[in-house]
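Colleague:
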Amino acid sequence: MLTKTQTVDGAAIKKAIEGRDGKMLSSFYADDALVRVIDRNNPPSKPREIRGRAAITTFWDDICSRAMTHKVDTTIADGDNLAFTQACAYPDGTKVFAAAMLELKNGRIARQTVVQAWDE
Numbered sequence: 001m002l003t004k005t006q007t008v009d010g011a012a013i014k015k016a017i018e019g020r021d022g023k024m025l026s027s028f029y030a031d032d033a034l035v036r037v038i039d040r041n042n043p044p045s046k047p048r049e050i051r052g053r054a055a056i057t058t059f060w061d062d063i064c065s066r067a068m069t070h071k072v073d074t075t076i077a078d079g080d081n082l083a084f085t086q087a088c089a090y091p092d093g094t095k096v097f098a099a100a101m102l103e104l105k106n107g108r109i110a111r112q113t114v115v116q117a118w119d120e
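With the UniProt record's numbering applied, the sequence shown covers 1 to 120.
1) Could you give the residue range of the alpha helix (DSSP H) that holds Lys15?
2) Quick check on Ser26: buried or exposed, where buried means 16 or more other Cβ atoms within 10 Å of its Cβ?
3) With a CB to CB cut of under 7 Å and the five nearest residues on each side skipped, what residues in its chain are close to Thr94?
4) In terms of residue numbering, what span does the beta strand (DSSP E) encompassing Asp31 cover?
5) With burial defined as no fewer than 16 other Cβ atoms inside 10 Å of the residue's Cβ, what is the status of Ala11: buried or exposed?
6) From Val37 to Gly79, what does the alpha carbon distance come to, in whole angstroms?
7) Kindly list the residues whose CB is nearer than 8 Å to the CB of Cys88, restricted to its own chain and excluding five residues on each side of it in sequence; keep chain order.
8) In chain order, what residues of the same chain lie with their CB nearer than 6 Å to the CB of Leu102, ignoring the 5 residues before and after it?
9) Can you list, in chain order, the residues of its chain whose CB lies under 8 Å from that of Val8, leaving out five sequence neighbours each side?
10) What first and last residue would you give for the alpha helix (DSSP H) that runs through Ala55?
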């Protein structure tokens with residue numbers, strides 16, 4: 001079954017993330033996309049790498065299924081690059097902050113790097 005894709009821009013990213021819409025988020029990625037996550041458990045020398053749309057769909061489905069709020073604060077677009085910051089909160093008050101850089105190719109996300117930190 002084909003998923004309808006929509007233009008990847010700041011407004012679409014904001015709508016999908018804040019709406020916890022994993023299906024919409026997944027539709028933004030190229031089939032061979034790569035998401036790299038850098039955080040306390042995945043340092044720059046060994047980032048977590050999520051390859052391919054199927055694995056990225058699983059990643060977003062997990063995040064969007066969690067009981068937490070997401071707010072996209074800032075988005076900046078420059079040609080085939082899009083960056084955004086995201087603030088999240090769990091019901092117990094634990095906060096997460098992420099900054100992401102996306103590289104677009106043919107209107108879809110080809111590469112994404114996320115740097116995130118959370119309350120311990």
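All residues carry an ideal CB built from backbone N, CA and C; glycine is no exception.
Modeller: Straight from the coordinates:
1) Lys15 -> alpha helix (DSSP H) spans Gly10 to Glu18.
2) With 16 or more Cβ atoms within 10 Å of its Cβ, Ser26 is classed as buried.
3) If you ignore the 5 residues before and after Thr94, its C-beta comes within less than 7 Å of the C-beta of Trp118 and Asp119, all in its own chain and listed in chain order.
4) Where Asp31 is concerned, the enclosing beta strand (DSSP E) stretches over Tyr29 to Ile38.
5) Exposed, because fewer than 16 other Cβ atoms sit within 10 Å of the Cβ of Ala11.
6) Their Cα atoms are separated by approximately 23 Å.
7) Residues of the same chain with a CB within less than 8 Å of the CB of Cys88, apart from the 5 flanking positions on each side, are Met68, Thr69, His70, Lys71, Lys95, Val96, Phe97 and Ala98 in chain order.
8) Excluding sequence neighbours, Leu102 sits near Leu82, Ile109 and Gln112.
9) Excluding residues within five positions, the ones whose Cβ falls inside 8 Å are Phe28, Leu82, Leu102, Leu104, Gly107, Arg108 and Ile109.
10) That run of the alpha helix (DSSP H) goes Arg53 to Ser65.
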